[in-house]
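What follows is a short report on a single structure.
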Amino acid sequence: MNADPLSRHDVVIVGGGHNALVAAAYLARAGLRVLVLERLPQVGGAAVSARAFAGVDARLSRYSYLVSLLPRRAVRDLGLRLDLRRRRISSYTPTVRDGRPTGLLVDAADPARTAASFRALTGDPREWEAWQSFYAATGKLAERVFPTLTEPLPARAGLRRLVADDAVWESFFERPLGETIERTFTDDLVRGVVLTDALIGTFTHAHDPSLLQNRCFLYHVIGNGTGDWDVPVGGMGAVTGALAEAALAAGAEIRTGCEVTAVATDGTGEAEVSYRHRGGEATAVGRRVLANAAPAVLARLLGEVPGPAPEGAQLKVNMVLRRLPRLRDPAADPRDAFAGTFHIAEGYRQLETAHAEASAGRMPSMPPSEIYCHTLTDPSILGPEALRQGLQTLTLFGLQMPARLFTDPAAKELALAASLARLDEVLAEPLADCLATDAAGRPCVEVRTPLDLEREIGLPGGHIFHRDLAFPYATGEPDGAAARWGVATAHPNVLLCGAGAVRGGGVSGIPGHNAAQAVLEDLGP
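Written as structure tokens, this is what we have:
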């Protein structure tokens, strides 16, 4: 066997996703010896860009695509060269009322325009007033809760005191979100637009007694104290590139093409990380091991029995278009409609029906999804020729699509066809007429199911959050630095630094930051 000599480090990080790079940058800046081991040829995990279509110079954010939760504090601390651009249009939702194509436009920069759209859709000014009141409440919640995500975990009672509003706490932390939505809004379409933030990457419904929908919703509306979802200029690869640059500049060592095969620890002293690489096998020893892998994967590496298998619930479709399609709604400008989140089949009842059908093992008959066009906000992901041709990108994210539906190989194409058919219903021309083609003349459409994400980037069940999200507070009395920061495992010298941490999920870097703080609290700089 050809093996590298055993190497010793202060911290060994398993996996090279964006959270690993955040942790590595913080720890190396503090003077610790840090090694990052990544199975794939490149770092970034789900936060990567790729030229998905031969002969088409477009760098698509292949898996994740927008940024909300990455703290400005981390951007400043690490000196990241990163541009996150605000979208003026929040969302557009097409529908048909009284046989007439219409839609709901939410323009973040023009409340009067949004109010007019609400009145035209619902005929009742109270729905717009309810919308303003609801999101004023989530805005205050965001201002209070988001800063705690990069601090030691608050106790539940402490977070409630910080929220300082019993009605808001009851609505978002105690009772199923569906109750609040139904009490606040009357229009089915408006209710659905609100509910979508509770379902992204999460298989649940409005009245789930486990409050999984509430947890998902919370993380989608508190980012940086505003809840805004921004476009990373240059694509997701630019985020990873900035983080990798910061980690390397601080002195961290990053090794790609290194697949970790086992982690061994007795919970004290050092832990050993065994891995395979092109030259053979090797072992790295660390005073601490951070896992930028799902808890189920870490359990397997430790030789333990993992808990319940995670299950992702989304369909990701990447497309390149020759031009944006026209809409059936004559008042809708495609450059507005596709610049924000374009909701398809996401009325309240439609979302609930899709969940019920998928729960019964059937592909949703009206699959809900949402689309946005990156290039309307940031054309820099296109090469000169693609810019000259006027190409545009579209990203479709399908909801209520659990991994269990894709065990049949034919299910992927069925899900794609059904999702695009729903889109075609609101277009004035077939989407197929607008698609660009690659060098071989094939339409520029790439599809990823949860099972694809498991195979390609190691997410168990394709779960983009590694496991179900948790409320951002401690559920008991934390014992030790790792528990205080929400990154503990059963082993004191093995910590989580990925989305499976208590305050994980999304492209945030928060688990990486928190794991680094826990290590520094224990080991010192």
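Position one of the sequence shown corresponds to residue 2 (my numbering), numbered consecutively onward.
Ideal placement from N, C-alpha and C gives every residue a C-beta, glycine not left out.
Every value quoted in this text rests on a predicted model; they were computed, and no experiment measured them.
In the DSSP assignment, Phe472 falls outside any beta strand (DSSP E) and carries neither an H nor an E.
Measuring C-alpha to C-alpha distances from Ala121 to each of Asp99, Phe173, Phe135, Thr139 identifies Asp99 as the nearest.
CA-CA distance, Ala168 to Asp58, rounds to 51 Å.
With three or more CB-CB distances shorter than 8 Å, the stretch 342-349 counts as touching the stretch 423-430. Counting C-beta pairs closer than 8 Å gives three or more between the stretch 441-456 and the stretch 391-408, which meets the contact rule. Per DSSP, the continuous beta strand (DSSP E) segment holding Ser8 begins and ends at 8-15. Between the stretch 173-185 and the stretch 212-230 there are three or more inter-stretch CB-CB distances shorter than 8 Å, so the stretches are counted as touching.
Restricted to the stretch 131-186, the alpha helix (DSSP H) segments that are unbroken, complete and at least 4 residues in length are 157-164, 167-170, 178-185, listed in chain order.
According to DSSP, residue pairing for His278 in a beta bridge involves Gly281.
Going by C-alpha positions, Phe472 is about 15 Å away from Arg162.
In the DSSP annotation of this structure, the continuous segment of the alpha helix (DSSP H) that includes Thr241 starts and ends at 237-251. Put simply, of Thr151, Pro335, Cys374, Leu352 the residue whose alpha carbon is nearest the alpha carbon of Leu106 is Pro335.
C-alpha of Glu183 to C-alpha of Asp330: approximately 27 Å in a straight line. For Leu85, the CB contacts under 8 Å within the same chain, skipping 5 residues up- and downstream, are Val68, Leu71, Asp231, Val232, Pro233, Val234 in chain order. Following the DSSP letters along the chain, one finds Tyr64 in no alpha helix (DSSP H), marked with neither H nor E. The DSSP-derived three-state label of His356 is helix. With contacts defined as CB atoms closer than 7 Å, Asp189 and Gly348 qualify as a contacting pair. Residue pairing from DSSP places Ala265 in a beta bridge opposite Glu273. Partner residues in the beta bridge of Met320, as assigned by DSSP, are Leu395, Val446. Within the same chain, Ala143, Val222 come within 6 Å of Gly228 by CB-CB distance, once the 5 residues on both sides are set aside. Residue burial is scored here from C-beta neighbours: Arg73 has fewer than 16 other C-beta atoms within 10 angstroms and is therefore classed as exposed. DSSP, read as helix, strand or coil, puts Ala500 in coil. Below 8 Å, enough C-beta pairs join the stretch 27-35 and the stretch 7-16 to call them touching: three or more.
In this structure Thr187 is exposed. Its beta-carbon is surrounded by fewer than 16 other beta-carbon atoms within 10 angstroms.
In terms of Cβ geometry, Arg279 and Thr262 do not form a close pair [threshold 7 Å]. Here the C-alpha atom of Ala285 lies approximately 13 Å from the C-alpha atom of Leu291. Runs of the alpha helix (DSSP H) lying entirely within the stretch 36-96, each at least 4 residues long, are 73-78 in chain order. Put simply, the backbone Cα of Ile465 is about 34 Å away from that of Ser118. Under the criterion of beta carbons closer than 8 Å, Leu352 and Gln401 qualify as touching, at roughly 7 Å. Collapsing the DSSP output to three states places Ile201 in coil.
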